[in-house]
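Visitor: My structure is below; once you've seen it, I'll send some questions.
There are 2 protein chains.
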Amino acid sequence: MRVTINDIAKKAQVSASTVSRVIADSPLISAATKEKVLKIMKEMNYHPNIIARSLVNRSPQIIGVVMPGMAEQSFQHPFFPELLAGIGSMANKQGYKILLANVATLDEEKQMVKELTFGGITAGLILLTSRDQNPTVDQLVETGFPFVVIGRTENPCVNWVDNDNFLIGYQLVEHFLEQGHRRIAFLGYSPGFTVTRDRLQGYKKALTDHKIPIDNGLVVESEFISANGYDLMKRLLALRERPTAVIACDDLLAFGAIKAIHEAGLQVPADIAVAGINNVPLADYYNPPLTSVKINAFALGTKAFEMLQTVLTSSVESYNRAIVPAELVVRSSSLSVKN
Amino acid sequence: MRVTINDIAKKAQVSASTVSRVIADSPLISAATKEKVLKIMKEMNYHPNIIARSLVNRSPQIIGVVMPGMAEQSFQHPFFPELLAGIGSMANKQGYKILLANVATLDEEKQMVKELTFGGITAGLILLTSRDQNPTVDQLVETGFPFVVIGRTENPCVNWVDNDNFLIGYQLVEHFLEQGHRRIAFLGYSPGFTVTRDRLQGYKKALTDHKIPIDNGLVVESEFISANGYDLMKRLLALRERPTAVIACDDLLAFGAIKAIHEAGLQVPADIAVAGINNVPLADYYNPPLTSVKINAFALGTKAFEMLQTVLTSSVESYNRAIVPAELVVRSSSLSVKN
DNA sequence: TAAACACAGGCAAACGAATTCATTCATCCA
DNA sequence: TGGATGAATGAATTCGTTTGCCTGTGTTTA
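Laid out in structure tokens, this is it:
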């Protein structure tokens with residue numbers, strides 16, 4: 017049988033309210049009583065029932081994290097665990113627990129979010145999404161339930177935190193320009209995903225800022241992380257005028273691209289320079305080591321939690337956004353030989 | 017204001033008990049009433065409060081998943097999300113929610129497990145660990161709280177599910193033997209981790225089964241996933257009599273090893289064949305493509321959930337174990353050229 | 001010396017649902 | 001026709017906490 021607050025009260029010869037106040041460290045209780053009760057709590061190995069507590073406060077110390085399932089390839093992504101760690105570390109500090117809801121389909125997501133919002137089990141939600149349109153987000157906005165999006169959607173009425181995807185695209189272009197490249201390709205633009213779109217926009221802006229005309233033939237669409245960098249690269253290799261540098265929207269794409277380049281008898285970076293994004297652990301081990309951009313997933317997580325917390329505590333309604341910087345990691349795959 | 021069972025009752029002009037029974041689809045309620053109540057529930061967008069429900073049933077439909085944090089490198093591992101997806105998919109089906117507790121230190125883990133077991137918030141726990149000794153496990157055994165371990169510990173009083181690490185080691189050796197190798201190294205044995213120990217034992221058993229003497233100089237210790245395969249391999253390369261094949265306990269180690277081999281002016285697999293374990297997405301893209309072993313993390317997750325569920329429902333105490341098979345994925349890094 | 005005031009703590013009512021026990025009808029059989 | 005039976009529902013209690021309000025002591029102040 018589980019030991020309850022009443023057991024403690026009885027043993028300490030006080031009322032349950034007193035015990036409750038001791039737990040809350042209320043100033044209403046004398047030091048002596050506090051000490052006595054605390055001692056007994058320890059002795060009996062008492063831990064307050066979080067469920068009961070949540071019921072009366074009506075604000076469970078639990079936040080839900082909803083992430084797309086295996087279907088969305090992103091789930092495979094190594095930064096997911098890091099993201100979770102970020103959210104979790106913050107949550108732990110603040111005494112929150114996190115409820116992880118990984119959903120496989122959009123319907124499941126909708127259903128899950130409904131349960132979580134109306135079920136009284138979570139105080140707020142963190143939603144992972146990188147799509148333009150997300151019906152779940154719209155649904156949440158309607159109900160007014162507190163939530164934060166990691167990623168970005170087009171619905172303006174949301175709090176979100178995201179990488180600086182625009183800047184990532186911009187910086188990679190500048191990096192290649194510095195290396196003397198003029199024909200820079202963008203591999204893996206996936207319409208419908210804000211991630212890739214923002215990166216593409218950064219790419220385009222950098223080019224126009226440097227007076228380089230945009231060649232749409234150098235922008236190759238794909239399904240984001242799916243492993244077809246190889247095929248996509250072949251399309252670029254077939255062009256009359258090949259690019260001399262390639263920005264891949266994900267390291268995995270980049271690896272596929274490099275494979276294709278090698279197969280065509282060309283060298284990286286001598287003939288075609290390549291850079292990826294996300295800085296997977298293996299980027300460093302690849303041959304050649306892959307230039308990439310390090311996403312700070314941990315920070316993304318902590319930031320999201322903080323934002324959710326302000327949403328929960330503040331009474332004024334406002335839409336916050338936060339942009340977490342990323343860091344260019346230059347390795348030899350993008351360095352011109354002459355440098 | 018949240019809509020409660022009483023609101024529904026009032027609107028439907030029945031008692032709360034009736035509504036509750038409608039929710040439970042009790043046979044005590046007439047079809048007419050059921051229909052009426054259900055309609056109103058839908059209209060008012062009512063969802064039962066999971067917290068309140070948990071309080072009265074004393075068995076929350078929530079299971080906790082405790083995973084080591086960033087400190088344990090395993091958290092970086094790509095199979096974590098897959099594992100979570102496995103647990104989650106099963107949990108969703110059974111109407112359970114999962115509470116994710118990612119802890120950074122062992123102390124934090126202990127504290128967290130205490131809160132989760134005594135806090136009444138979870139019905140059971142799934143614990144991820146790959147260490148021999150885990151105080152948290154011992155603690156859980158003592159309290160008698162229902163839990164399942166993914167991985168393996170030396171404490172005999174636990175339910176666990178694990179990969180067939182012994183077989184993995186065994187099969188990799190056999191694979192290399194078939195390719196004509198006799199001097200096979202084992203890279204990344206990490207004492208204290210059952211994972212690597214089981215694999216090493218499989219390795220040794222396979223060798224003795226094939227009458228090949230074990231050379232302990234060919235077994236190199238490490239910190240498991242940490243990225244020092246490069247350094248470890250250098251030790252092997254410095255041997256008077258080099259191995260002709262290397263089994264790395266993780267793909268990342270294997271990549272590091274290959275880098276070292278290349279730097280030494282040797283070829284993979286011509287001079288030294290290499291195989292990894294875990295089959296990370298990039299194994300296929302590496303040059304040469306890396307032979308590896310595909311861990312079925314999803315199955316590991318579903319199995320663990322199922323096991324926990326039987327623990328929760330069955331009254332007899334018994335210690336179950338389940339071993340999930342893995343699959344050898346042969347690629348060119350381990351294939352002798354002559355074949 | 002009586003009134004005012006802290007201070008420490010107890011009592012009891014929530015919180016939202018499930019469940020046991022009791023109640024109301026209508027029906028049935030003798 | 002009256003008591004027994006059973007189906008459908010309601011009232012009240014319970015789960016373990018928190019918290020607003022009240023009470024009983026001292027201690028201070030006029």
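First to last, the protein sequences are chains A and B.
Here the numbering used here is used: the first sequence runs in plain steps of one and ends on residue 355.
Here the numbering used here is used: the second sequence runs in plain steps of one and ends on residue 355.
The C-beta atom is built at its ideal place from N, Cα and C for all residues, glycine as well.
Given the structure is predicted, the values throughout are model-derived calculations rather than measurements.
#1: Report the residues of the stretch 126-148 of chain A with a CB closer than 7 Å to any CB of chain B, ordered along the chain.
#2: Report the partner residues of G140 of chain A according to the DSSP bridge assignment.
#3: Could you list the residues in the stretch 244-260 of chain A with a C-beta less than 7 Å from some C-beta on chain B, going in chain order?
#4: When the Cβ atoms of the stretch 157-173 of chain A are set against those of the stretch 223-236 of chain A, are three or more pairs found closer than 8 Å?
#5: Sorted by chain position, which residues of the same chain lie with C-beta nearer than 8 Å to R337 of chain B's C-beta, five sequence neighbours on each side aside?
#6: With DSSP run on the structure shown, which of helix, strand or coil describes K227 of chain B?
#7: Could you check where the beta strand (DSSP E) with A261 of chain B kicks off and where it finishes?
#8: Taking 9 Å as the cut-off, decide whether the C-beta atoms of A313 of chain A and L99 of chain A are in contact.
#9: Could you spell out the range, first to last residue, of the alpha helix (DSSP H) harbouring F182 of chain A?
#10: Can you tell me where the alpha helix (DSSP H) with S36 of chain B in it begins and where it stops?
#11: Grouping DSSP H, G and I as helix and E and B as strand, with all else coil, what is A338 of chain B?
#12: Can you pull the chain B residues whose beta carbon is under 9 Å from the beta carbon of R18 of chain A, in chain order?
#13: So with Cβ pairs under 9 Å, would you call F271 of chain B a contact of chain A?
#14: Can you pull out the residues from the stretch 295-309 of chain B whose beta carbon lies closer than 8 Å to at least one beta carbon of chain A?
#15: What residues match up with N118 of chain B in a beta bridge as DSSP calls it?
#16: Would you check if the distance between the CB atom of P97 of chain B and the CB atom of H93 of chain A is smaller than 9 Å?
#17: Please identify the residue among A:V346, A:R37, A:A261 whose C-alpha is closest to the C-alpha of N295 of chain A.
#18: By Cβ distance, which residues of its chain are closer than 6 Å to A299 of chain A, with the 5 residues on each side in sequence left out?
#19: Residues of chain A with CB under 9 Å from I288 of chain B, in chain order?
#20: Which ranges does the alpha helix (DSSP H) cover as unbroken runs of at least 4 residues, wholly within the stretch 264-288 of chain A, from first to last along the chain?
#21: Using a 10 Å radius around the Cβ and a threshold of 16 neighbouring Cβ atoms, would you call D123 of chain B buried or exposed?
#22: Would you check if there are 3 or more beta carbon pairs closer than 8 Å linking the stretch 192-202 of chain B to the stretch 248-260 of chain B?
#23: Output the distance between the C-alpha atoms of N355 of chain B and A286 of chain B, rounded to the nearest integer angstrom.
#24: Helix or strand or just coil, what does DSSP make of A254 of chain B?
#25: Would you say G136 of chain A and R69 of chain A are within 9 Å of each other, going by their C-beta atoms?
#26: Let me confirm a value: K113 of chain A is counted as buried when at least 16 other C-beta atoms fall within 10 Å, else exposed. Which label applies?
#27: State whether the stretch 48-64 of chain A contacts the stretch 18-35 of chain A, with contact taken as three or more CB pairs (one from each stretch) at a distance under 8 Å.
#28: Counting Cβ pairs closer than 8 Å, one from the stretch 26-41 of chain B and one from the stretch 101-112 of chain A, do we hit at least three?
#29: Please classify A47 of chain B: is it buried, with 16 or more other beta-carbons within 10 angstroms of its beta-carbon, or exposed?
#30: I think T210 of chain B touches S146 of chain B, with their Cβ atoms under 8 Å apart; what is that distance to the nearest whole Å?
#31: Along the chain, where does the alpha helix (DSSP H) containing I103 of chain B start, and where does it finish?
#32: Can you list, in chain order, the stretches of the beta strand (DSSP E) that have 3 or more residues and sit fully within the stretch 290-333 of chain A?
#33: Strictly below 8 Å CB to CB, what residues from chain B border A280 of chain A?
#34: According to DSSP, is V19 of chain A part of a helix, a strand, or is it coil?
#35: Please report the residue range of the beta strand (DSSP E) in which V164 of chain A lies.
#36: Measure from the C-beta of Y335 of chain A to each C-beta in chain B and report whether the shortest distance is under 9 Å.
Guide: The relevant details are as follows:
#1: The stretch 126-148 of chain A vs chain B, Cβ under 7 Å: K130, E131, F134, G135, G136, I137.
#2: In DSSP, G140 of chain A forms a bridge with A:I79.
#3: Within the stretch 244-260 of chain A, no residue has a Cβ that lies closer than 7 Å to any Cβ of chain B.
#4: Under the 8 Å Cβ criterion, the stretch 157-173 of chain A does not count as touching the stretch 223-236 of chain A, having fewer than three qualifying pairs.
#5: Same-chain partners within the cutoff: N175, W176, V177, D178.
#6: Coil at K227 of chain B, not helix or strand.
#7: It spans 261-264 - the beta strand (DSSP E) in which A261 of chain B sits, taken as one unbroken run.
#8: Cβ distance < 9 Å, so A313 of chain A and L99 of chain A count as in contact.
#9: Note, F182 of chain A: alpha helix (DSSP H), 181-194.
#10: Where S36 of chain B is concerned, the enclosing alpha helix (DSSP H) stretches over 32-39.
#11: Judged by DSSP in its simplified three-state form, A338 of chain B adopts strand.
#12: Within 9 Å Cβ-Cβ: R74, F134, G136.
#13: For F271 of chain B, the answer is yes, since a Cβ of chain A falls inside 9 Å of its Cβ.
#14: Taking 8 Å as the cut-off between beta carbons, the residues of the stretch 295-309 of chain B near chain A are V296, P297, L298, D300, Y301, Y302, N303, in sequence order.
#15: For N118 of chain B, which the question treats as bridged, DSSP gives the partners B:M83.
#16: Yes, they are a contact pair.
#17: When the alpha-carbon of N295 of chain A is set against those of A:V346, A:R37, A:A261, the nearest one is in A:V346.
#18: Beyond the five residues adjoining it in sequence on each side, A299 of chain A comes within less than 6 Å, by CB distance, of D267, L306, S308 in the same chain, given in chain order.
#19: For I288 of chain B, none of the residues of chain A pass the 9 Å Cβ criterion, the least Cβ distance being about 16 Å.
#20: Complete alpha helix (DSSP H) runs here, min 4: 267-279.
#21: By the neighbour-count criterion, in which a residue is buried when 16 or more other Cβ atoms sit within 10 angstroms of its Cβ, D123 of chain B is exposed.
#22: The way I'd put it, the stretch 192-202 of chain B does touch the stretch 248-260 of chain B; three or more beta-carbon pairs between them come closer than 8 Å.
#23: Its pLDDT being 47, under 50, N355 of chain B is placed unreliably by the model, and nothing is read from it.
#24: Coil at A254 of chain B, not helix or strand.
#25: Remark: C-beta atoms of G136 of chain A and R69 of chain A do not approach each other more closely than 9 Å.
#26: K113 of chain A should be labelled buried.
#27: Contact holds: three or more Cβ-Cβ distances are below 8 Å.
#28: Under the 8 Å Cβ criterion, the stretch 26-41 of chain B does not count as touching the stretch 101-112 of chain A, having fewer than three qualifying pairs.
#29: Around the C-beta of A47 of chain B, fewer than 16 other C-beta atoms lie within 10 Å, and the residue is accordingly described as exposed.
#30: Going by Cβ atoms, the distance from T210 of chain B to S146 of chain B rounds to 6 Å, so yes, they are a contact pair.
#31: Counted as a single uninterrupted DSSP element, the alpha helix (DSSP H) harbouring I103 of chain B occupies residues 95-109.
#32: Entirely contained in the stretch 290-333 of chain A, the beta strand (DSSP E) runs reaching 3 residues are, in chain order, 308-310.
#33: Think of a sphere of 8 Å around the beta carbon of A280 of chain A: no beta carbon from chain B falls inside it, the nearest being about 14 Å out.
#34: Looking at V19 of chain A - three-state DSSP - the assignment turns out to be coil, as it is neither helix nor strand.
#35: Unbroken beta strand (DSSP E) run through V164 of chain A: 163-167.
#36: Under the Cβ distance rule, Y335 of chain A does not count among the residues neighbouring chain B, no pair being separated by less than 9 Å.
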